[in-house]
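**Q** So the sequences go chain by chain: A and B.
Numbers in our numbering are just positions in the first sequence, counted from 1, shifted up by 6.
Numbers in our numbering are just positions in the second sequence, counted from 1, shifted up by 6.
Number of protein chains: 2
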Amino acid sequence: MTGRTITGFQDVRDEVLERIQNRVWEQGDLLPTEQELSDEFGCARATVNRALRELAERGIIDRKRKSGTRVAVLPVKQAKLEITLTRQLVEDRNALYRYALVQRDAVAAPGWLASQLQLTSGAPVLHIHAMHYADNQPFLYEDRWINTTAVPKVADADFTEVGPNEWLLAEVPFSTAELSFGAIAADEELSDYLACPVGTPLFQMERTTWFQAQAVTFVRMSFHPGYQMRSHY
Amino acid sequence: MTGRTITGFQDVRDEVLERIQNRVWEQGDLLPTEQELSDEFGCARATVNRALRELAERGIIDRKRKSGTRVAVLPVKQAKLEITLTRQLVEDRNALYRYALVQRDAVAAPGWLASQLQLTSGAPVLHIHAMHYADNQPFLYEDRWINTTAVPKVADADFTEVGPNEWLLAEVPFSTAELSFGAIAADEELSDYLACPVGTPLFQMERTTWFQAQAVTFVRMSFHPGYQMRSHY
DNA sequence: TAGTGGTCTAGACCACTCT
DNA sequence: GAGTGGTCTAGACCACTAC
């Protein structure tokens, strides 16, 4: 006995999790039904349901109607990455954030970008280069393309004071995105902006953002040498 | 009007999300109370509650007792990274997976590792080098340390057939972990195992795994050149 | 202190799916 | 067909917090 008093769904959830961790119920085992558990814990079935639903969302158990609830055989580890503004990344390190626009051009979408954003080749886009600094050290170099058609207002934004990320977050707040992470070698341009030798390994994140099935922006962010992105589960 | 029929919590959730996206309720705005929404939608308050709870979990809205529910000003983007077995990563690409143990040594924990895992310096650990291949091309190089004290059974595992990741997942299934991602340059050892020139930028993931406040393992995984990790939100 | 979300209950019906 | 989870309801009380 754990001596834990079971009153709420969190208690049920934690008790079930503990039994799984302690192998009272082994991987692949069938758990008691919601009805049986609610009888044991002396609570309503809805309470057990909510507890088990949370464990299922975490990938700890698998639930199927009729079959019942089983301990997951291969628990899927879901790490949450919180994608925040660069400003926040910097300020979370107690560093002074500074943003600088490098270049801003209204151009026609090159083929690879049109393909990436599912635009017709030559569609009008805005191409932006910008730098983000932490305590005046280069933090990351941003190479961004914005679909002018999806965000016409962007024509009036000069991005000298506010970065395109913050501007877009205010303008198109509830978008979806695809992310890609990798390592690249600094080319001459990056070595210049990030103050490192050509060939230095850099951590890079690419993001394509969509709003209501229309591509909004594609951005390639190259972090300073040694940058580490952290997460947990 | 959307013409959508509102019956379940998912309908309520989607309708509310749509109103937020369409700026019926702007960022920072106060939403109607659960009671008011349940009246409007003709459902129980519990149904509205569940709908709004999901949106709050996604970071779309902020809820506080007494104050009410507001549209989030800075929606936090949460990308989910599904951390799976290397075998699965490879097989998801329709490639043939192959694993090979390179080296296995029972040693005393060096200082940096003891610090990383919160062990006493010199504690017994198992040090493992292994390779993972996709269609017989190098996929990733694994450099792992296992805390023998936390997993005594590991002494009997030779890791010639089954990789340490799969073995540990069966042995210590429901652990927590800290992850770190970055870019490094291939040293001589990595260039050898991953068949690339010294200095090649490589994507690297480090993971420290814990079970019930005890460190289980620390692993450094160096991916083949050009590897991209993907996610979305 | 009063208003709001957080949770629980007891019961009901539905939807999926195994046999 | 029958067993299981999925969801909804109507009502209740609680916990937090702005006022």
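A virtual CB, placed ideally from N, CA and C, is assigned to each residue, including glycine.
(1) Within the same chain, show all residues whose beta-carbon is closer than 8 Å to that of Glu46 of chain A, passing over the 5 residues directly before and after it, in chain order.
(2) For the region 55-63 of chain B against the region 210-219 of chain B, do three or more pairs of beta-carbon atoms, one drawn from each stretch, fall closer than 8 Å, so that the two count as touching?
(3) In angstroms with no decimal places, state the Cα-to-Cα distance between Glu97 of chain B and Tyr139 of chain B.
(4) Taking its Cβ as the centre, do 16 or more other Cβ atoms sit within 10 Å of Lys83 of chain A, making it buried, or is it exposed?
(5) If we cut at 8 Å on Cβ distances, does Glu184 of chain A have a partner in chain B?
(6) Examine chain B for any beta-carbon lying closer than 8 Å to the beta-carbon of Glu88 of chain A, and answer yes or no.
(7) I need the straight-line Cα distance from Ala50 of chain A to Ile89 of chain B, nearest angstrom please.
(8) With burial defined as no fewer than 16 other Cβ atoms inside 10 Å of the residue's Cβ, what is the status of Asp164 of chain A: buried or exposed?
(9) Helix, strand or coil for Asn153 of chain B? Go by DSSP, reduced to three states.
(10) In this structure, how does DSSP classify Ala50 of chain A when only helix, strand and coil are distinguished?
(11) If the cut is a Cβ gap below 7 Å, which residues of chain A does Ser3 of chain B touch?
(12) For the beta strand (DSSP E) holding Leu107 of chain A, just list the boundary residues, first then last.
(13) Could you work out which residue in A:Ser186, A:Pro203, A:Gly188 is closest to Glu194 of chain A when comparing CA atoms only?
(14) Confirm, please, whether the CB-CB distance from Ala221 of chain B to Leu123 of chain B is below 8 Å.
(15) Where does Leu125 of chain A sit, in a helix, a strand or coil, going by DSSP?
(16) Closest Cβ-Cβ distance between Leu174 of chain A and chain B: below 8 Å?
(17) Return no unless some Cβ of chain A is closer than 8 Å to the Cβ of Gly205 of chain B.
(18) Thinking just about the alpha-carbon of each residue, which of B:Thr13, B:Gln109, B:Asp149 is nearest to the one in Phe224 of chain B?
(19) What residue ranges within the region 19-91 of chain B form continuous beta strand (DSSP E) runs of no fewer than 3 residues, ordered along the chain?
(20) What in chain B is Cβ-close to Tyr233 of chain A, meaning under 7 Å?
(21) Does the ligand COA have a heavy atom nearer than 7 Å to the CB of Leu107 of chain A?
(22) Between the region 160-176 of chain A and the region 90-110 of chain A, can you find at least three pairs of beta-carbon atoms closer than 8 Å?
(23) Contact criterion: CB-CB distance below 8 Å. Does Gln33 of chain A meet it with respect to chain B?
(24) Using C-beta distances below 6 Å, list every residue in its chain close to Gly14 of chain A, excluding the 5 sequence neighbours before and after it, in chain order.
**A** So, from the listed chains and residues:
(1) Against the first sequence, residue 46 of chain A aligns to sequence position 40. The residues are Pro38.
(2) The answer is no - the region 210-219 of chain B does not touch the region 55-63 of chain B, with fewer than three Cβ pairs under 8 Å.
(3) Indexing the second sequence from 1 puts residue 97 of chain B at position 91. Indexing the second sequence from 1 puts residue 139 of chain B at position 133. Rounded to the nearest angstrom, the two C-alpha atoms are 11 Å apart.
(4) Taking the first residue of the first sequence as 1, we reach residue 83 of chain A at position 77. That one is buried.
(5) As a working mapping, residue 184 of chain A is identified with position 178 in the first sequence. Yes, contact with chain B.
(6) Stepping through the first sequence from its first residue, residue 88 of chain A is reached at position 82. Among the residues facing chain B, Glu88 of chain A is included, as its CB has a counterpart in that chain under 8 Å away.
(7) Numbered from 1 along the first sequence, position 44 holds the residue referred to as residue 50 of chain A. Numbered from 1 along the second sequence, position 83 holds the residue referred to as residue 89 of chain B. Between Ala50 of chain A and Ile89 of chain B, the C-alpha separation is close to 35 Å.
(8) In the first sequence, the residue the question calls residue 164 of chain A occupies position 158. Exposed: under 16 other Cβ atoms inside 10 Å.
(9) Taking the second sequence and counting its residues from 1, the one referred to as residue 153 of chain B is at position 147. Reduced to three states, the DSSP call for Asn153 of chain B is strand.
(10) Within the first sequence, residue 50 of chain A is the residue found at index 44, counting from 1. Correct three-state label for Ala50 of chain A: coil.
(11) With chain B represented from 7 up to 239, any question about residue 3 of chain B goes unanswered, as that position is not in the structure.
(12) On the first sequence, position 101 is the one that residue 107 of chain A refers to. Residues 103-114.
(13) Residue mapping note: residue 194 of chain A aligns to position 188 of the first sequence, counting from 1. Each of A:Ser186, A:Pro203, A:Gly188 was checked against the Cα of Glu194 of chain A, and the nearest Cα belongs to A:Pro203.
(14) As a first step, residue 123 of chain B must be located in the second sequence, where it is residue number 117. As a first step, residue 221 of chain B must be located in the second sequence, where it is residue number 215. Their beta carbons are under 8 Å apart, which means Leu123 of chain B touches Ala221 of chain B by this criterion.
(15) Residue mapping note: residue 125 of chain A aligns to position 119 of the first sequence, counting from 1. Leu125 of chain A falls in the coil class under three-state DSSP.
(16) For the purposes of this step, residue 174 of chain A is taken as residue 168 along the first sequence, with counting starting at 1. False, the Cβ-Cβ gap to chain B never drops below 8 Å.
(17) In the second sequence, the residue the question calls residue 205 of chain B occupies position 199. Yes - at least one Cβ of chain A is within 8 Å of the one on Gly205 of chain B.
(18) The residue labelled residue 224 of chain B in the question sits at position 218 within the second sequence. Phe224 of chain B has its Cα closest to that of B:Asp149, out of B:Thr13, B:Gln109, B:Asp149.
(19) Runs found: 67-70, 74-77, 83-89.
(20) Taking the first sequence and counting its residues from 1, one reaches residue 233 of chain A at position 227. Within chain B, the residues Gly188 have their CB atoms less than 7 Å from the CB of Tyr233 of chain A, given in chain order.
(21) Among the components modelled here there is no ligand, and therefore nothing to report on the ligand COA.
(22) Counting Cβ pairs under 8 Å, three or more are found: they touch.
(23) The sequence position of residue 33 of chain A within the first sequence is 27, counting from 1. Yes, Gln33 of chain A lies at the interface with chain B (some Cβ there is under 8 Å from its Cβ).
(24) Counting from one through the first sequence, the residue named residue 14 of chain A turns up at place 8. So no residue of the chain qualifies.
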